[in-house]
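Visitor: I am attaching a structure below and will ask some questions about it afterwards.
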Amino acid sequence: MENDLLLAGRLRAVLLDNNGEQAIELISLDGGDMPVAAYGLVVKISVFSGKAGFLSLGGRIYITHGTFWRINEIKTYGENERRDYFRIKTRTIAKVTGPLRDSEEELPTYKCSVTSVSLSGALIAVSDENCALREGEAVRISGLKIEEDRNSDIFNVRATVCRIVPQSNGEGWLYGCKFVDMPEKDTDRLCQAIFAKQRIDIQHRRGRL
0 MENDLLLAGR LRAVLLDNNG EQAIELISLD GGDMPVAAYG LVVKISVFSG KAGFLSLGGR
60 IYITHGTFWR INEIKTYGEN ERRDYFRIKT RTIAKVTGPL RDSEEELPTY KCSVTSVSLS
120 GALIAVSDEN CALREGEAVR ISGLKIEEDR NSDIFNVRAT VCRIVPQSNG EGWLYGCKFV
180 DMPEKDTDRL CQAIFAKQRI DIQHRRGRL
């Protein structure tokens, strides 16, 4: 299933459908009209609460109205699946250090461009010809941000290189990195930052910014 973002909204109600199964109702985050969606469309819902943290749900659209959606057949996704829910494109700069070793020797650090981020990892581009990371190697990404803004949250994360492909311009490599042992607090912060970026992107597409 493609993970295209349909909307950023609020959870209005949790209720029971005609079969006694759990259902939810969503409303627009900014008070505007809800987008049109097909009856029976399978959707994924990423729910974030400052108190409860992050929850990933799935279901089918049962009612689409100008002011709300009702989603039936609710199910909860597992930890790994929920982290790959969505990936956003970014244009930020960070540093990658690696491969990490047990020794305390000084490790090479390279400037990198962060091209996309999800809860499970990031895709980074390194143009330095001296960078020769390999799949399976451990790295540290420092100064990771969703947006180049002085108020943007900064993340320093450990990751494993999972995929390597050449850049389309022939200058350097793209490294697909999977986050490792990220604290739950940082995961929640990253989730909030991704949601905030998605809301801004939606407003841009609708001409509201």
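Using numbering that gives the first Met the number 0, read the sequence shown as starting at 0 and increasing by one per residue. C-beta: ideal position from N, C-alpha, C; glycine also.
Express the C-alpha separation of LEU4 and ILE87 in angstroms, rounding to a whole number.
Guide: Mapped onto the sequence shown, residue 87 falls at position 88. Mapped onto the sequence shown, residue 4 falls at position 5. Their Cα atoms are separated by approximately 10 Å.
Visitor: Can you tell me whether THR186 is helix, strand or coil according to DSSP?
Guide: For the purposes of this step, residue 186 is taken as the residue at position 187 of the sequence shown. THR186: helix per DSSP, three-state reduction.
Visitor: For the region 106–123 against the region 139–156, are there 3 or more C-beta pairs whose distance is under 8 Å?
Guide: A contact exists between the region 106–123 and the region 139–156.
Visitor: Tell whether a beta-carbon distance below 7 Å holds between GLU72 and SER126.
Guide: As a working note, residue 72 is residue 73 in the sequence shown. As a working note, residue 126 is residue 127 in the sequence shown. In this structure, SER126 does not lie closer than 7 Å to GLU72 by Cβ.
Visitor: Hey, quick one: how far does the beta strand (DSSP E) through ASN155 stretch, first residue to last?
Guide: For this step, residue 155 is matched to residue 156 along the sequence shown. Its beta strand (DSSP E) spans residues 154–165.
Visitor: Report the CB separation of LYS134 from ILE163 in whole angstroms; it is logged as a contact under 8 Å.
Guide: For the purposes of this step, residue 134 is identified with residue 135 of the sequence shown, where counting begins at 1. For the purposes of this step, residue 163 is identified with residue 164 of the sequence shown, where counting begins at 1. Residue 134 is actually Glu in this sequence, not Lys. Their Cβ separation, rounded to whole angstroms, is 6 Å, which keeps GLU134 and ILE163 in contact under 8 Å.
Visitor: Can you confirm whether LEU54, when its beta carbon is compared against all beta carbons of chain D, has any partner nearer than 7 Å?
Guide: This model lacks chain D altogether, as it is built from one protein chain only.
Visitor: So, is ARG100 buried or exposed, given that buried needs 16 or more other C-beta atoms within 10 angstroms?
Guide: For this step, residue 100 is matched to residue 101 along the sequence shown. The residue is exposed, with fewer than 16 neighbouring Cβ atoms inside 10 Å.
Visitor: Let's test the definition: count the other Cβ atoms within 10 Å of the Cβ of LEU15 and tell me whether it reaches 16, buried, or not, exposed.
Guide: Here residue 15 refers to the residue found at position 16 of the sequence shown. LEU15 should be labelled exposed.
Visitor: If you count every other CB in all the chains shown that lies within 10 Å of the CB of GLY39, and 16 or more means buried, which is it?
Guide: On the sequence shown, residue 39 is found 40 positions in, with the first residue counted as 1. Classification of GLY39: exposed, given that the 10 Å Cβ count is below 16.
Visitor: Among THR66, LEU132, GLY97, whose alpha-carbon lies nearest the alpha-carbon of GLU24?
Guide: Translated into positions along the sequence shown, residue 24 becomes position 25. Among THR66, LEU132, GLY97, the Cα nearest to that of GLU24 belongs to THR66.
Visitor: Residue range of the beta strand (DSSP E) that ASN168 falls in?
Guide: Locating residue 168 in the sequence shown gives position 169, where the first residue counts as 1. No beta strand (DSSP E) contains ASN168, which DSSP labels as neither H nor E.
Visitor: Check whether the Cβ atoms of ALA36 and ARG198 lie closer than 7 Å to each other.
Guide: Counted from its first residue, the sequence shown places residue 36 at position 37. Counted from its first residue, the sequence shown places residue 198 at position 199. No, the pair does not count as a contact, with Cβ atoms beyond the cut-off.
Visitor: Just grab the DSSP bridge partners of CYS111 for me.
Guide: Counting from one through the sequence shown, the residue named residue 111 turns up at place 112. CYS111 pairs with ALA93.
Visitor: Per DSSP, what kind of secondary structure is ILE123 in: helix, strand or coil?
Guide: Residue 123 sits at position 124 when you count from the first residue of the sequence shown. In this structure, ILE123 counts as strand in the three-state DSSP scheme.
Visitor: Looking at LEU122 and GLY175, is the spacing between their C-beta atoms short of 7 Å?
Guide: Here residue 175 refers to the residue found at position 176 of the sequence shown. Here residue 122 refers to the residue found at position 123 of the sequence shown. Going by C-beta atoms, GLY175 is nearer than 7 Å to LEU122.
Visitor: For the beta strand (DSSP E) holding VAL35, just list the boundary residues, first then last.
Guide: Stepping through the sequence shown from its first residue, residue 35 is reached at position 36. From DSSP, VAL35 is part of no beta strand (DSSP E); its letter is neither H nor E.
Visitor: Classify VAL13: buried if its beta carbon has 16 or more other beta carbons within 10 angstroms, exposed otherwise.
Guide: The residue labelled residue 13 in the question sits at position 14 within the sequence shown. When all chains shown are included, VAL13 counts as exposed.
Visitor: ALA22 lies in the beta strand (DSSP E); which residues open and close that run?
Guide: Against the sequence shown, residue 22 aligns to sequence position 23. Its beta strand (DSSP E) spans residues 21–27.
Visitor: First and last residue of the beta strand (DSSP E) that includes SER141?
Guide: Locating residue 141 in the sequence shown gives position 142, where the first residue counts as 1. Taken as a continuous stretch (DSSP letters only), the beta strand (DSSP E) holding SER141 covers 137–143.
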